[in-house]
Amino acid sequence: MRLAAARGTEKHWAEMSAVLEQALPHSPADELLAIDRRCRELVWEAADNRFLTDTLDMLYAQSDRVWHLYLGDVADLHDMIAEHREILAALRAGNADRAADLIDAHMRRFDEQIRAAVRRRLESPLAG
48 MRLAAARGTE KHWAEMSAVL EQALPHSPAD ELLAIDRRCR ELVWEAADNR
98 FLTDTLDMLY AQSDRVWHLY LGDVADLHDM IAEHREILAA LRAGNADRAA
148 DLIDAHMRRF DEQIRAAVRR RLESPLAG
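Right, dumping it as structure tokens:
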């Protein structure tokens, strides 16, 4: 995130803003996940580090699988879009520390939501 804040250009952030504008109150989950994916790709592109991008792309593919397995069990994905808007504001301002703090919180929430969803499914009487 800090690399993206340092190396990103207004072109990256304008495109990210345009992508986020596609999220509407009635947008289905698959569209919101596609928006999430494109925002992440733009941040990776802005960081301009091929090794980082390759690693994050692989990790995202794994987390994307988890998202789809538990999509119905997680909080409203519109919250995720709101978080991306906050991250974008920090990136545009060149505030690397704020952007890093926001993405850390964003990832922690994702982790907490998925862990809770897995626990609920495992504790379900139908899981037996």
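One gets the working numbering by counting positions in the sequence shown from 1 and adding 47 to each. All C-beta atoms, glycine included, are put in the ideal place defined by N, C-alpha and C.
For the alpha helix (DSSP H) containing Gln69, list its first residue and its last residue. Taking the sequence shown and counting its residues from 1, the one referred to as residue 69 is at position 22. Here Gln69 belongs to no alpha helix (DSSP H), and DSSP marks it neither H nor E.
Would you call the stretch 116 to 130 and the stretch 72 to 82 in contact, with 3 or more CB pairs under 8 Å? yes
Beta-carbon separation (whole angstroms), His131 vs Leu67, contact threshold 8 Å: Within the sequence shown, the letter at position 84 stands for residue 131. Within the sequence shown, the letter at position 20 stands for residue 67. That pair is a contact at about 6 Å.
For Ala146 versus Ala52, is the C-beta distance shorter than 7 Å? The residue you call residue 146 lines up with position 99 of the sequence shown. The residue you call residue 52 lines up with position 5 of the sequence shown. Their beta carbons are under 7 Å apart, which means Ala146 touches Ala52 by this criterion.
Can we say the stretch 146 to 156 touches the stretch 93 to 101, given the rule of at least three CB pairs closer than 8 Å? no
When Leu135, Asp111, Thr56 and Ala143 are compared against Ile161, the one with the closest alpha-carbon: The count along the sequence shown starts at 1 and reaches residue 161 at position 114. Answer by Cα proximity: Asp111.
Taking the alpha carbon of Ala61 as the reference point, which residue from Asp123, Leu135, Ala108 and Thr100 has its own alpha carbon closest? Here residue 61 corresponds to residue number 14 of the sequence shown, with the count starting at 1. Among Asp123, Leu135, Ala108 and Thr100, the Cα nearest to that of Ala61 belongs to Leu135.
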